[in-house]
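Remarks on the structure that follows.
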Amino acid sequence: MFNTLRVKIVIFTLSFLLLLSFVLTISGFIHFANAKQLLMISYDFTISSFAERIDKDIVKLTNNAKDLALMGSVLYKTRNVSDTNFMSNQIPKFVITNIFKNYSDSLGGGIWFEPYIINPSQRLNCLYAFRNKQKKIVIDKDFNSEEYNYLNQSWYKEIIAGIKEGYDTEWSAPYFEKQGSNTLMTTVGAGIYDGKKLIGISTVDWEINSIINSILKMEPTKNSFVLFADKDNDFILAYTENPEKNTSLLGKSLDEIPWYSDNLENKSEITYNNEKFITFIKDLNNGMLLIVNIPKNELFGPVLKHFTVIFFIFLIISILVSLSMYKLLKRNVNDPIEKLVNISDEIGQGNLDAKINIEKPQEFARLSSAFNKMTNDIKDYINRVNNITHEKEKMESELSIARSIQYSVLPNTFYPNMKEFDIFASMETAKEVGGDFYDFFFINDNEFMFLIADVSGKGIPAALFMMTTKTLIKNLANESYSPKELIEKINNQICENNRQGFFVTMFAGIININTGKISYINCGHNPPLIKKNNRYNYLNISPNLVLGAMNDIEYDIEEDFLNVGDVIFLYTDGVTEAFNPEQKQYGEERLLDCLNKNSDTDVQKILRSVKSDVKEYSEGIEQSDDITMLCFKYNGCPTDGNADRFSSPATIEGYREFRTWLKNECEKFAVNEKLTMKIELVCEELFTNVISYAYGEKEGEIGAIFENVRNELIITFIDNGVEYNPLDKPDPDISLALDDRPIGGLGIFMVKQSVDDINYKYEDGKNILQVKWKIN
Amino acid sequence: MEIIQKKLDGNKVYIKPVGRLDLDTSAEFGIVVDEAIDDVRELLLDLAEVDYISSIGLRVILEIQKRMSKQGFMTISNVAPEVMEVFNMTGLSRILTIV
């Protein structure tokens, strides 16, 4: 749950917003503190200016008192001692009423002398004017009366006691004036001096009610209250209070208020009725105190409220932003992702037609179209791959059919019991079958045919053509044609059956396994290698035309004899044209080297070593053509139990013995008379030949072997004389006239005419001459 | 080998070898005939009793023929098929007078 992108983003946003609000709160608190201070200053200022206004009145009243005192001393100086009614004269009256016109704030005021100062006969001398209810200034004469006796009044006593020198002023404690206006008053007085002698006082009355009224109006906050105390803090003259708090403080001294005396010292904060108040205390010029108490929560409440509101608004906004972000993310990220996941699952289950359709937001719209494109591409790709796979499978099966055709027709037993020769062949088909084949079989009792061929073209058609060709060759070969006839017939028949224009290159050998006589037929094929006297060489043979190219072509057949141990190595161009990674071909030279380096005499091993050399050369490059090889080794005709041996000195006496022996042999093998004579003739000639040439003047031996192998009579003559091949001798020209004819040279000529086969070899210091006849 | 020879008249001789004309016998036959044909103009060689001839026999006959060609002529008669075959094979039938 906490690992989803959506929750992570929301948590991140929320944390960011909370951090922001925390920072804002801190800064809010700082601002709040500043605001508190500012608020305090502002209230202090308001209250101070209110106090100042009162102070101004106080100063004015004080100055009025001083003015009056001056006037009093003037009156004293201008007194007429004799005039007992001086104070009732017009002049003092006039002066005081006019002065009072300017004392707008005072209720009344007067000049009061000490006893007998103006007139020694008159104890009380005063003058008092006041504003009546009509705001008219009138003189009150009643103050001069003995009943009132201003000298005994508290205010007079206080003031005159308080004044110490000139221009000193003194404020009386508040009092109720019963005589005049009958209101709560206080009076400021100044001393009247004659020189240094205090002779009386002037007074200016101040109706405290008016101040109280204005104070009462002062209500900075709803539950704040104001105290106004007199100069000795004895009495609370005025207070404002929440009407609900029904306790009257009026008339009490400040000391009587426990919270005041307990809390106020050096503090600006008090607790009253379990409520905290901020207290502003102002000393007025006449010693009175103005104390304004504002409930703390009312003072700072609005600011606190302001900040709280801001904080909560911010909090709400944060939550809203987070919620909407959550929703936004859900709608714009999670839902599309969910869709994508579902579609992916569907596609994963194989439904490639599943389409995703997201239009908003743009990124996901792009993603979804890319996704759709991807599934389309995958679909196309899969289709393509399927097609390719299908094609490939088809091709593969075609190839494997072709391959199996090719393999199935190849002979796979290699005449293991044949003593006269060893044969082995192998074919490795290329991926695309190349149409190579080999074959070997007896065409009659003595002649063995082996061949290697390569059909042009590849694949099934080539394989089928190869099969046809192979069958055709084998069938025709059994018809006892001569090699030349055979190959020409083969060519003609291939041409006949060749509508596709295939052709075949072929190399074939037909060997008489008794005599080693071999006929080579090369139809445009790579010349084979032949090992004679322990050395391989390419057989020098005319190539002839390929088979199947043209009708009625003459083919040249070349004949030779294979000696015991001779090897023929046939191959197709797959061997010599095998490529290595540098795109170079294996080549005929390397093949020759490979064979000559190898001392193996076993045909299977010879093939294997060539194969591994080709493989090593091509270094893993894929084989491009069939690699087909055939190796034939001639072991000669075995001299087994059918062989009879003769030996004698090479003399005429020896010949006589030989004749008898030969006759017996012919009888033993039931050779008919005619052939017996032929054999006799040939043997005599060969015997004569040895007597004549082999040993010169020396004596020597002659050996003969008479064999009857598979309906063939083979007679071998062996001598230790000088190497002499009678077959090298040119035949005599038998058409010459008598005189031109030499008398010799006919023997070997006759021999050649009389045998079915003859061959000569010189081996181990021996002349070995072999003649053969077929017998039925 | 047995060689029958008859002097028919002053310079005419009849010779009839009996048996094989081979390595073993030809030398003897050659010597006998050589002696017999001294000053003879006509030689009648009857090969009726010869069933085998090898190259060495041919050689002798060729030598006799060469000599007789110089001093007269030679006629060969009653040639057995086996021998005739050899004559044919070697081309001698064309240079010998065979009746």
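These protein sequence lines are chains A and B, in that order. Its first residue numbered 506, the first sequence is counted upward by one per residue in this note's numbering. Its first residue numbered 15, the second sequence is counted upward by one per residue in this note's numbering. For each residue, glycine too, the CB sits at the ideal point set by N, CA and C.
Looking only at its chain, what residues have a beta carbon closer than 8 Å to the beta carbon of residue i, apart from the 5 residues adjacent to it on each side?
i: asparagine 102 (chain B); result: none
i: asparagine 585 (chain A); result: Phe591
i: glutamate 63 (chain B); result: Lys30, Pro31, Val32 and Gly33
i: leucine 904 (chain A); result: Lys936, Glu937, Val938 and Gly964
i: glutamine 85 (chain B); result: Ile51, Asp53, Val54 and Arg55
i: valine 1119 (chain A); result: Val1080, Ala1083, Tyr1091 and Ile1132
Just the Cα atoms here: how many angstroms apart are residue i and residue j?
i: serine 728 (chain A); j: phenylalanine 527 (chain A); result: The sequence given here has asparagine at residue 728 (chain A), not serine. Their backbone Cα atoms lie some 33 Å apart in a straight line.
i: isoleucine 1207 (chain A); j: tryptophan 1166 (chain A); result: 13 Å
i: serine 1024 (chain A); j: isoleucine 1219 (chain A); result: 20 Å
i: proline 597 (chain A); j: asparagine 637 (chain A); result: 19 Å
i: valine 97 (chain B); j: threonine 104 (chain B); result: 11 Å
i: serine 1152 (chain A); j: lysine 1271 (chain A); result: 14 Å
i: glycine 577 (chain A); j: arginine 558 (chain A); result: 28 Å
i: aspartate 549 (chain A); j: valine 797 (chain A); result: 9 Å
i: valine 808 (chain A); j: glutamate 712 (chain A); result: 39 Å
i: isoleucine 67 (chain B); j: phenylalanine 955 (chain A); result: 42 Å
i: phenylalanine 555 (chain A); j: lysine 565 (chain A); result: 15 Å
i: glutamate 1170 (chain A); j: phenylalanine 1211 (chain A); result: 7 Å
i: proline 841 (chain A); j: phenylalanine 819 (chain A); result: 31 Å
i: lysine 1203 (chain A); j: valine 1256 (chain A); result: 26 Å
i: lysine 844 (chain A); j: leucine 969 (chain A); result: 58 Å
i: tyrosine 698 (chain A); j: threonine 776 (chain A); result: 49 Å
i: asparagine 1042 (chain A); j: aspartate 1078 (chain A); result: 17 Å
i: lysine 897 (chain A); j: isoleucine 999 (chain A); result: 32 Å
i: tyrosine 655 (chain A); j: leucine 629 (chain A); result: 8 Å
i: arginine 908 (chain A); j: glutamate 1124 (chain A); result: 24 Å
i: glutamine 867 (chain A); j: serine 874 (chain A); result: 10 Å
i: glutamate 619 (chain A); j: glycine 705 (chain A); result: 5 Å
i: isoleucine 883 (chain A); j: glutamate 851 (chain A); result: 14 Å
i: serine 1047 (chain A); j: asparagine 1027 (chain A); result: 7 Å
i: glycine 756 (chain A); j: leucine 529 (chain A); result: 50 Å
Apart from the five residues just before and just after residue i, which ones in its own chain have a Cβ nearer than 6 Å to its Cβ?
i: glycine 1146 (chain A); result: At glycine 1146 (chain A), the pLDDT of 49 sits below 50, so the modelled position is not reliable; the number obtained from the coordinates is stated separately. Closer than 6 Å at the Cβ level, and outside the excluded window around glycine 1146 (chain A), lies no residue.
i: isoleucine 1016 (chain A); result: Phe953 and Ile1023
i: phenylalanine 605 (chain A); result: Ala634 and Ile642
i: threonine 1181 (chain A); result: Cys1171
i: alanine 695 (chain A); result: Ala570, Lys571, Ala574, Thr674 and Ser707
i: isoleucine 665 (chain A); result: Ile706
Apart from the five residues on each side of it in sequence, which residues of its chain come closer than 7 Å, Cβ to Cβ, to residue i?
i: lysine 21 (chain B); result: Val27
i: valine 47 (chain B); result: Ile29 and Ile78
i: lysine 801 (chain A); result: Lys781, Phe782 and Ile783
i: methionine 15 (chain B); result: Pro31, Val32, Gly33, Thr39, Glu42 and Phe43
i: serine 611 (chain A); result: Leu566, Asn569, Val709, Asp710 and Trp711
* Proximal residues, the stretch 1190-1221 of chain A versus chain B, C-beta separation under 9 Å -> Answer in chain order: Glu1190, Phe1192, Thr1193 and Ile1196.
* Asked: Just checking, does the stretch 1213-1229 of chain A make contact with the stretch 58-69 of chain B on the three C-beta pairs under 8 Å criterion?
  -> Too few Cβ pairs lie closer than 8 Å, so no.
* Asked: Along the chain, which unbroken stretches of the alpha helix (DSSP H) at least 4 residues long are found entirely within the stretch 656-699 of chain A?
  -> The stretch 656-699 of chain A contains, as complete alpha helix (DSSP H) runs of 4+ residues, the segments 659-667 (chain order).
* Any residues in the stretch 1233-1244 of chain A with a beta carbon nearer than 9 Å to a beta carbon of chain B? Which ones, in chain order? -> Within the stretch 1233-1244 of chain A, Pro1237, Asp1238, Ile1239, Ser1240, Leu1241, Ala1242, Leu1243 and Asp1244 place their CB atoms closer than 9 Å to a CB of chain B, listed in sequence order.
* Members of the stretch 69-93 of chain B near chain A, C-beta cut-off 8 Å -> With the criterion set as a beta carbon lying under 8 Å from some beta carbon of chain A, the members of the stretch 69-93 of chain B are Ser69, Ile70, Leu72, Arg73, Leu76, Glu77, Gln79, Lys80 and Ser83, in sequence order.
* Asked: Are three or more beta carbon pairs between the stretch 1089-1109 of chain A and the stretch 921-929 of chain A nearer than 8 Å?
  -> Yes: at least three Cβ pairs fall under 8 Å.
* **Members of the stretch 1242-1276 of chain A near chain B, C-beta cut-off 8 Å** => Per Cβ criterion, the list reads Ala1242, Leu1243, Asp1244, Arg1246, Ile1248, Gly1249, Leu1251, Gly1252, Phe1254, Met1255, Gln1258 and Ser1259.
* Residues from the stretch 29-61 of chain B in contact with chain A, defined by Cβ distance under 8 Å -> Flagged, chain order: Asp36, Leu37 and Asp38.
* Please list the residues of the stretch 1142-1172 of chain A that have a C-beta atom closer than 8 Å to any C-beta atom in chain B, keeping them in chain order. => Taking 8 Å as the Cβ-Cβ cut-off against chain B, the residues of the stretch 1142-1172 of chain A that qualify are Ile1157, Tyr1160, Arg1161 and Arg1164.
* **Inside the stretch 1060-1109 of chain A only - beta strand (DSSP E) runs reaching at least 3 residues** => Complete beta strand (DSSP E) runs here, min 3: 1062-1066 and 1072-1076.
* Kindly confirm or deny that the stretch 1054-1070 of chain A and the stretch 1084-1096 of chain A touch, where touching means at least three C-beta pairs closer than 8 Å. => A contact is defined here as three or more CB-CB pairs under 8 Å, and the stretch 1054-1070 of chain A fails this definition with respect to the stretch 1084-1096 of chain A.
* **Stretch-stretch touch, CB-based, cutoff 8 Å, three pairs: the stretch 1028-1038 of chain A with the stretch 973-986 of chain A** => The answer is no - the stretch 973-986 of chain A does not touch the stretch 1028-1038 of chain A, with fewer than three Cβ pairs under 8 Å.
* To do: Taking only runs that begin and end inside the stretch 905-978 of chain A, name each unbroken beta strand (DSSP E) of 3 or more residues, in chain order.
  => Counting only runs of 3 or more residues that sit fully inside the stretch 905-978 of chain A, the beta strand (DSSP E) segments are 926-933, 941-947 and 952-960, in chain order.
* Is the stretch 1114-1134 of chain A touching the stretch 938-950 of chain A in the sense that three or more CB pairs, one from each, lie closer than 8 Å? -> The stretch 938-950 of chain A is in contact with the stretch 1114-1134 of chain A.
* Asked: Taking the runs of the beta strand (DSSP E) that are 3 residues or longer, which of them lie wholly in the stretch 1133-1184 of chain A?
  -> With a minimum length of 3 residues, the continuous beta strand (DSSP E) runs that stay inside the stretch 1133-1184 of chain A are 1149-1154.
* Any beta strand (DSSP E) of 3 or more consecutive residues that is wholly inside the stretch 984-1067 of chain A -> Counting only runs of 3 or more, we get 1009-1017, 1022-1028, 1034-1037, 1040-1043 and 1062-1066.
* **4 or more residues per run - each alpha helix (DSSP H) lying fully within the stretch 577-640 of chain A** => Counting only runs of 4 or more, we get 595-607.
* Report yes or no: do the stretch 879-893 of chain A and the stretch 912-919 of chain A share at least 3 C-beta pairs separated by less than 8 Å? => Taking 8 Å as the limit for Cβ pairs, the verdict is that the stretch 912-919 of chain A does not touch the stretch 879-893 of chain A.
* Asked: Going along the chain, which unbroken runs of the beta strand (DSSP E) with 3 or more residues stay wholly within the stretch 1174-1254 of chain A?
  -> Whole beta strand (DSSP E) segments, 3+ residues: 1206-1214 and 1217-1224.
* **Inter-stretch contact (C-beta, 8 Å, three-pair minimum) for the stretch 784-793 of chain A and the stretch 515-533 of chain A** => With a cut-off of 8 Å on Cβ pairs, the stretch 784-793 of chain A is not in contact with the stretch 515-533 of chain A, counting fewer than three such pairs.
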